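A.B. asks:
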Amino acid sequence: MRTEGRTVDCGERGSVSAVVAYPDDFKAGHSTAVILAHGAGNDMTNPLLSAVHEGLAARGFLSIKFNFLYTERCRRAPDPAAVLEDCYRRVLAAVRNDATLAPAALVIGGKSMGGRMASHLAAQGEPVHGLLLLGYPLHPAGQPTKLRVAHLGAITAPMLFFAGTRDALCSLALLKHTLRSLPRATLHVVDGGDHSFNLPKALKRSPAEVIDELASASTRWLHEVVPPDATEVRHGR
5 MRTEGRTVDC GERGSVSAVV AYPDDFKAGH STAVILAHGA GNDMTNPLLS
55 AVHEGLAARG FLSIKFNFLY TERCRRAPDP AAVLEDCYRR VLAAVRNDAT
105 LAPAALVIGG KSMGGRMASH LAAQGEPVHG LLLLGYPLHP AGQPTKLRVA
155 HLGAITAPML FFAGTRDALC SLALLKHTLR SLPRATLHVV DGGDHSFNLP
205 KALKRSPAEV IDELASASTR WLHEVVPPDA TEVRHGR
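Residue 71 in the numbering used here sits at position 67 of the sequence shown; the count goes up by one each step and never skips.
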């Protein structure tokens with residue numbers, strides 16, 4: 005595996021940094037690419053996001069992570085949803101149109117808010133082969149009645165939700181209830197995990213073991229949902 009820094013043009017708002025992680029057997033036009041966005045309170049250097057990003061590349065997937073505009077400018081407060089979506093959409097376009105990458109299939113997602121923005125794009129019709137959601141923020145902390153699910157029914161691509169049993173932003177019971185109406189959704193539960201999949205010491209599992217669980221489960225799911233002859237998504241088919 006090797007990594008490479010990139011810059012993505014976001015028009016009049018400026019540009020953002022991205023990192024591409026290449027699998028050892030990478031060939032342009034033959035790889036499944038996974039694009040991951042960070043959560044609201046961190047940037048693309050977040051340890052969990054970075055570990056999954058590299059773990060997927062080590063398992064044979066072209067993996068891309070990137071900053072949103074507000075983190076690129078060292079601001080703490082996230083941009084409005086429309087700006088976040090536009091940034092993500094431009095990263096998607098950059099990956100699709102780059103002849104040195106040319107993914108045969110494209111999966112999007114991310115940690116918490118980043119995954120939520122990916123789901124917005126998919127619900128709006130962005131052509132992707134799947135969604136990988138690490139700690140989907142189903143509701144604000146302590147406000148389980150304010151569900152962020154209205155758009156999920158419009159998504160036609162397969163979805164993989166990772167959820168911890170101690171996630172303050174995602175009641176597991178409410179998530180399971182939501183997913184019953186989404187036939188293409190898969191749930192992977194991390195026992196004892198909080199919103200960042202940190203575990204209590206009593207479980208005696210290391211962070212590396214949790215990352216291996218996330219990356220391995222993602223790999224199995226990706227092999228199931230992305231067909232070997234996947235149509236090139238950069239053409240929007």
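Built from N, CA and C at the ideal position, the CB exists for glycine as well.
Here the structure is a predicted model, which means the values were calculated and not measured.
With G119 as the anchor, note down where its beta strand (DSSP E) starts and where it stops.
C.D. replies: Here G119 belongs to no beta strand (DSSP E); instead the alpha helix (DSSP H) covers M117 to A127.
A.B. asks: Can you give the Cα-Cα distance for A154 and E89, rounded to whole angstroms?
C.D. replies: If I take the Cα positions, the gap works out to 17 Å.
A.B. asks: What are the boundary residues of the beta strand (DSSP E) that includes Y140?
C.D. replies: Per DSSP, Y140 belongs to no beta strand (DSSP E) and is neither H nor E.
A.B. asks: For a quick check, are the C-beta atoms of L135 and A167 less than 8 Å apart?
C.D. replies: It is not a contact, given that the beta carbons lie outside the stated cut-off.
A.B. asks: Taking the DSSP output, what are the residues bridged to A61?
C.D. replies: Its beta-bridge partners do not exist; DSSP assigns none.
A.B. asks: Measure the C-alpha to C-alpha separation of G196 and G15 and round it to an integer number of angstroms.
C.D. replies: If you take the alpha carbons of G196 and G15, they lie about 42 Å apart.
A.B. asks: In this structure, how does DSSP classify H155 when only helix, strand and coil are distinguished?
C.D. replies: Looking at H155 - three-state DSSP - the assignment turns out to be coil, as it is neither helix nor strand.
A.B. asks: I'd like the ranges of any alpha helix (DSSP H) spanning at least 4 consecutive residues and lying wholly in the stretch 29-96.
C.D. replies: Qualifying alpha helix (DSSP H) stretches, in chain order: 51-62 and 73-76.
A.B. asks: Name, in chain order, the residues that DSSP records as bridge partners for L191.
C.D. replies: DSSP lists F165 as partners of L191.
A.B. asks: Run the CB neighbour count on A32, radius 10 Å, all protein chains shown included, and call it buried at 16 or more, exposed below.
C.D. replies: Exposed, since its Cβ has fewer than 16 Cβ neighbours within 10 Å.
A.B. asks: Do L73 and V95 have their C-beta atoms closer together than 8 Å?
C.D. replies: For L73 and V95, no; Cβs fall outside 8 Å.
A.B. asks: Quick check: what's the CA-CA separation for G45 versus R80?
C.D. replies: In a straight line, the C-alpha of G45 is about 7 Å away from that of R80.
A.B. asks: Per DSSP, what kind of secondary structure is A177 in: helix, strand or coil?
C.D. replies: Note: A177 maps to helix in three-state DSSP.
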